[in-house]
Every structure is written in C-alpha cells, then in structure tokens.
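Peer 1:
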Amino acid sequence: MKLFKACLSGVLCLFMHSYVFAEKHPPVKLNNLVTELLNMEKQDFSHDNKYTFEATRNGWIYLKIQTSEIISVNDVKITVLQNNAARNIFLYPYHDKNTFEAMFLCDKGTNSLQINSDKSKSPYNIIIRAIPEIVFDSYGHKQKIFDTVCDWDFLEKNNILNNVNVFSGKTEEYRDIISKWHAMGRIWLGYAGCNRNDNPEKEYEKWKKALSVPFSDGIIIDEFDGYRKENLIYTETFRRLFTEFPGKRIYPWIGHGGKYDLTYPDGNIYLKPFAEAVIAGKSKPVLERYFEDYFLNEEEMRQDIAFKLDKDIKNWENAIPGIVKSVIVCFNFYVSGGSCSRNINPSTDYRYLMDFQFNHIANSPLYDGLYGVMAWHAAGADPETIRWLGLLYRHYCIKGKKEMLSPQYGIKYALKHLQNPDFEYHEDGWIFSPAEDGSISIKFLKPGGWWQGRKPEGIKRKITGNHFALMKYSDKKPNKISQTIENLIPSRPYTLKMISGDPNNLKNEKLLNIYAKITGAKIIEEYQKSYPGQDEKEKNIHYFNYHYIVFVPEKSTAELTITDWKDNTDKKLSHGKEVMINFIEVQSYIK
C-alpha cells in the first residue's frame, strides 16, 4: 500500500508539472445577463495551460480565444474538466482567422479548462463568461414575405449562428444539422403545439411523440395562458413527461408573459403550480412579452415598456421567489406583414424598440440573473431584422454591454424622413396628382390595419392603419402621389416599405399595379409580394401586397413618387380598377 501511494504521488506530481495553472479571478458582473469569470492576456501556447473558473449557476459558458497570428481552429484543443469528468469543446471561428469562440453548458461550481496546441506558439488572450440561454426561433422557417429560408448558411451570414446557443425548429428533416449543432455544444428544441380545447391525454400523446425523437434535446410548446383551469391538468401531464423523459427539456410558451395571469383572481391557483412543475423538471417557462411601436414618442415608449416589464416580473417573483433565474423572456421580431406584425407605426423605428427591451432587462435590478432570452418569430421577420437581432444578442448577451446599441448605427425611435406616412392626416405632407378629377382620395377602411396583420394592443386594437390613399386607374395618364424624403445621409443604404391592396377584392392573392419610384438614389433591391394579412387558419383572410425597396441616396434628400402606371401598357390593363396604399416607412438599412 505504501508503495502504491508513493507511485500515485509521483504520477500526480508529474501531472501537475505538465500544466501551467492560471490563478482564480473573482467574477465581474458586466450586466444582468453576463458575468465575466476570466480575462487573461498574452498566454503562451508552448505550455499546456489549465484555467480554473467558478460557475455561479448551472447554465451557459462563453469562451473566446484570440491569437496574434492566423491559425486553424483544428490547431487548438480545449478540454473542460468538472467532477473528474472531461469533455472536448468545439471552437468556432468568429469573422476573422485569429478569433475563436465556443458556448457550452456547465454545472455550478469549480470548473477547469485546459488549452493546448502542438502547432501554434503564438501568444493568445482568453475570456470566459457566464451568459444567458440565447434562443433563435426558429430554424428552417421560410419568411412569409420574403422567400428566404432560415437555414445554416443564411443564419451564419446574418449574425445568428455565432450569437445563439439554442435553436428551436423541426427535428426529423434536420437530423444532420442537429448533429452538427450538437458538435458545437449547443441545444436543439423541437416544436410542438398546444390545443387548449383538446383532450389532455391527446396532448400528452402528441408531446410524448415529439419528445421521443432521440436526437432532440426536448420541445418548446406553443402556447399556454396562465389563468386557464387546464393548466392544473397540464401540470400533471408535464410531471408525467419529465418522469418518462429524464434529461429532456419541455419549455412552455406562456402567453403575454403572465401579464395578467398572476393578477387574475385564480391566476396563482392555475399558473403557480404549472410553472413550479416546469422548473422542477429542469426546464424553463418562456414568458411572452410582445410590444408594438404605437407610442407617440420615445419617452412614452420607454416608460410604458419599462413599467410593464417590471410589473410582470414582480408578479412572478411574488408568486415564486427567485423565478427570474429560471425563466426565459421572449420578445418579438415579427415585423414584416403577415398575421402578427408588431411594427405597426411607419413613423417609428421598431429596431429601436427592440433595442430598448433588451437594454431594460440587461439593467433593471428586477432582471438580475435572468436565465435566458428569446425572440419570436423568424417567419415574420425580414433578413435585416434578423441581422439586428443577432447584433442585439451579441451586444447584451455575450459582450455584456449596458448601453444601447442603436446609437452606434444611427438608429433613433422617431423616423424623420417622411411626413404623414400612414395618411392619418389625409393629404398633409403629400402632393396628390390625380389623372382625373377624383381619381385620388383618402379612404377610411375599418379594420384595414388589422386585416393587414398589424397587431395593436388594448384600445389601439383595430384602429391603426385604417386610412389609405386610394387611386382609381385611368387610361389617360397615371395617378401620382409624391413627397420629398428628407434627412438622409448620402451613400448610406435605406429601406422603403409600403403596403397596398385592392379595396374591391381583398380575397384574391395577386400582385397589384402600384409602384414606388425614388429619384436621386440608386436602387439596390426591389421586392413585391402578395401575402395573407391574417393567419391562414382564419376563415376571413384578406390579401395585401408588401413592397420593399433598398436604396442609396445621392444627397440628403430624394424624391418619392407612388404611381399606378409602370409604363404605358398599364392604361389598358387596369382601367377603372382601384388600389389603396398606406404604411410607407423609410428607415436606415443594416447590411
């Protein structure tokens, strides 16, 4: 036995001498979402370096290695050790060839990370941070307005792949992609629906089937309302599924984030045990908080959103103390038409509102230690908004910033490029040039904005978006509506969006003869598509056209003309017909 102990001691001494151990560093809180656990510069690949860090909870770790020379990602080996177990960590290049990143799940407590390279002797910097769960919803969806599919190549190109650690999406058809995602240390959640009027046993069988997919990490279920009595039944269903599928995640979307649920007379009775069962199963309730940009000014927007976000989480904390560390807050980035657009006001920039939401949860003391963030839903976004979401994720959830991101991109809440872009003030700001007497007018159609897919809240519901400029086609000459686009920065790209419809036939899907022309600018991209303004499941569907133009102005102004003639052939094709337009939005464009 003495000989064995002596040999073991010798082996341990040899092992210890083969590493250069980095000293522990006290955690540094960067914002509510991110804590920096280690930050060291000028490390040496010539040694097998071992770094110790203290994870403050079970959750996600971000690792960044930056070298002074270009190396291959395969030249560096990363191993994490915890509780005598070791696992390799997949590094992924970030933009350049000397910066590499990884995200991986880690248990609370002391962890060690070993780095070595047989090929590179370059000095390197290392950063380790505790970060939130960052969910992208959802992989593989085709955008309703644009023909873009949110696949691997698209998400890599548009700032998402490097900035999230969880994908939601279909499972069977993406088996190879899921394997690739798992190799990066990330999580994949399948999608499941919830028919709240169905038999609970039927819902159980549906969710059981979704959870049975062996290569998925769990499911996210759409959706639950906290004040419903069915939640008592679903509480038992969830407990049953957690028992049958240990290790699988079951995330329920909870409508409106519990905005009213916990203030209903029976809210605590139905919602509290449901949420507690989810957390006990090592899963996370996903609290929906979707805001619209109908606010008249920035200050009103800030006060309203801050008040509602804080009130919601206070209600949750009163019911279940400490729950903020076990929930995911889900915002909205459904902005481009369809059935649920929250971008309802063409006088404001929805990207600024998105930024403020993240900024608030990153700074408000009530959200300290929030487990995760998410945004819904890729099908209703445009490629630029997806890029913006990726930038926000990195800014707040990886870099741990406290200040808003918008100023870096010149984004402000109020858009100052067009006057009266929704025709709420009739002709104000516009020049109407009718082809004939009465061939241009203002039409009030209620609930036109609702039919378009704008989803206002509260008293604004079915009010916004009901004023249109109406043109009646003539065979004599084109109708024209014009205005100078102001406050542009030359050579900077912008987008122009517009919605049009046939007031006499909104039931047929078709492209309309209406055109937005911009002089004094270079047109980079032009897109027009007919879309259903409400969910396809609804019987009373209305179709509109969504117009999208990317342009680069030559000067600080450009001339916008909206006309019903593309060329002289239109006078024969459309004579006597009508078209209506509104929601004419101009804002800067992020490449």
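Sequence positions in the sequence shown follow our numbering and run 3 to 593. Just so you know, even glycine gets a beta-carbon here, dropped at the ideal spot from N, CA and C. Just so you know, these numbers come straight off a predicted model, no measurement behind them.
Should the stretch 375-390 be regarded as contacting the stretch 301-311, the criterion being three or more beta carbon pairs within less than 8 Å?
Peer 2: With the cut-off at 8 Å, the stretch 375-390 and the stretch 301-311 do not touch.
Peer 1: Look up residue 55 in the DSSP assignment and give the residues it is bridged to.
Peer 2: Paired residues: 113.
Peer 1: Secondary structure at residue 359, three-state DSSP: helix, strand or coil?
Peer 2: Reduced to three states, the DSSP call for residue 359 is helix.
Peer 1: Looking only at its own chain, which residues have a Cβ that is under 7 Å from the Cβ of residue 231, when we skip the five neighbours before and after it?
Peer 2: 272, listed in sequence order.
Peer 1: Among all the DSSP beta bridges, which residues are the ones paired with residue 90?
Peer 2: According to DSSP, which records beta bridges pairwise, residue 90 is partnered with 81.
Peer 1: What's the gap between the Cα of residue 593 and the Cα of residue 97?
Peer 2: Answer to the nearest angstrom: the Cα atoms are 15 Å apart.
Peer 1: Closer than 8 Å is the cut-off here; do at least three beta carbon pairs connect the stretch 549-565 with the stretch 480-487?
Peer 2: Flag = yes, the stretch 549-565 and the stretch 480-487 touch.
Peer 1: For residue 153, which residues from the same chain have a beta carbon less than 7 Å from its beta carbon, with the 5 sequence-adjacent residues on both sides left out?
Peer 2: Closer than 7 Å at Cβ, skipping near neighbours: 142.
Peer 1: Please identify the residue among 399, 124 and 379 whose C-alpha is closest to the C-alpha of residue 101.
Peer 2: Per the Cα distances, 124.
Peer 1: Confirm, please, whether the CB-CB distance from residue 129 to residue 51 is below 7 Å.
Peer 2: Result no, Cβ atoms of residue 51 and residue 129 do not sit closer than 7 Å.
Peer 1: Between residue 352 and chain C, is any beta-carbon pair separated by less than 7 Å?
Peer 2: Here there is only one protein chain, and chain C is not present.
Peer 1: Whole alpha helix (DSSP H) runs in the stretch 163-242 with 4 or more residues, listed along the chain?
Peer 2: 177-185 and 202-213, all fully within the stretch 163-242.
Peer 1: Considering residue 41, what are the terminal residues of the alpha helix (DSSP H) in which it resides?
Peer 2: Run containing residue 41: none in the alpha helix (DSSP H); it sits in the beta strand (DSSP E), 37-46.
Peer 1: Measure how close the beta-carbons of residue 126 and residue 162 come, nearest whole angstrom, since I'm counting them as under 8 Å.
Peer 2: Actually they do not touch by this definition, with Cβ atoms about 26 Å apart.
Peer 1: Relative to the alpha-carbon of residue 509, which residue among 33, 545, 55 and 189 has its alpha-carbon at the smallest distance?
Peer 2: Checked all of 33, 545, 55 and 189; the closest Cα to residue 509 is 545.
Peer 1: Can you tell me which of the three DSSP states residue 519 falls into?
Peer 2: Residue 519: strand per DSSP, three-state reduction.
Peer 1: Give the straight-line distance between the Cα atoms of residue 22 and residue 92, rounded to the nearest whole angstrom.
Peer 2: Its pLDDT being 40, under 50, residue 22 is placed unreliably in this model, and the coordinates cannot settle the point.
Peer 1: Report back the beta-carbon spacing between residue 470 and residue 365 to the nearest angstrom; my notes put them in contact at under 8 Å.
Peer 2: Not confirmed; about 41 Å, so no contact.
Peer 1: According to DSSP, simplified to helix, strand and coil, what is residue 390?
Peer 2: Residue 390 falls in the helix class under three-state DSSP.
Peer 1: Check this for me: beta carbons of residue 523 and residue 476, under 7 Å apart or not?
Peer 2: No, the Cβ-Cβ distance between residue 523 and residue 476 is not below 7 Å.
Peer 1: According to the neighbour-count rule (16 or more other Cβ atoms, all chains shown, within 10 Å of its Cβ), is residue 111 buried or exposed?
Peer 2: By the neighbour-count rule (16 or more Cβ atoms within 10 Å), residue 111 is not buried but exposed.
Peer 1: At which residue ranges does the stretch 364-447 contain complete alpha helix (DSSP H) runs of 4 or more residues, listed in the order of the chain?
Peer 2: Taking only runs of at least 4 residues, the alpha helix (DSSP H) segments lying wholly in the stretch 364-447 are 385-394.
Peer 1: List the endpoints of the continuous alpha helix (DSSP H) containing residue 156.
Peer 2: From DSSP, the alpha helix (DSSP H) with residue 156 extends over 154-159.
Peer 1: If you draw a straight line from the C-alpha of residue 255 to the C-alpha of residue 288, how long is it?
Peer 2: Roughly 5 Å separates the two Cα atoms.
Peer 1: Would you kindly work out how many angstroms separate the C-alpha atoms of residue 448 and residue 497, rounded to a whole number?
Peer 2: When rounded, the distance between both Cα atoms is 27 Å.
Peer 1: Using CA atoms only, rank isn't needed, just tell me which of 399, 165 and 235 is closest to residue 32.
Peer 2: Of the listed residues, the one whose Cα sits closest to residue 32 is 399.
Peer 1: One question on the structure: do residue 456 and residue 551 come within less than 7 Å of each other, judged by their Cβ atoms?
Peer 2: Contact flag unset, no.
Peer 1: I need the DSSP call for residue 135, collapsed to helix, strand or coil.
Peer 2: Strand, per DSSP.
Peer 1: Run through DSSP, which three-state label would residue 565 get?
Peer 2: It is a strand residue.
Peer 1: Can you check DSSP and say which residues form a bridge with residue 313?
Peer 2: Per DSSP, none; premise fails for residue 313.
Peer 1: Where DSSP assigns a beta bridge to residue 101, which residues make up the other side?
Peer 2: Its beta-bridge partners are 68.
Peer 1: Between which two residues does the alpha helix (DSSP H) containing residue 454 stretch?
Peer 2: Segment 450-454, the alpha helix (DSSP H) holding residue 454.
Peer 1: Based on the DSSP secondary-structure assignment, which residues constitute the bridge partners of residue 108?
Peer 2: DSSP output for residue 108 lists 61 as bridge partner(s).
Peer 1: Just to confirm my understanding: we take residue 407, look at its own chain, exclude 5 residues before and 5 after, and list those with CB closer than 7 Å. What are they?
Peer 2: Closer than 7 Å at the Cβ level, and outside the excluded window around residue 407, lie 357, 393, 394 and 397.
Peer 1: Would you decide whether residue 409 is buried or exposed? Buried here means 16 or more other CB atoms lie within 10 Å of its CB.
Peer 2: When all chains shown are included, residue 409 counts as exposed.
Peer 1: Count the other CB atoms, across all protein chains shown, that sit within 10 Å of the CB of residue 499; report buried if there are 16 or more and exposed otherwise.
Peer 2: It is buried - the Cβ of residue 499 has at least 16 other Cβ atoms within 10 Å.
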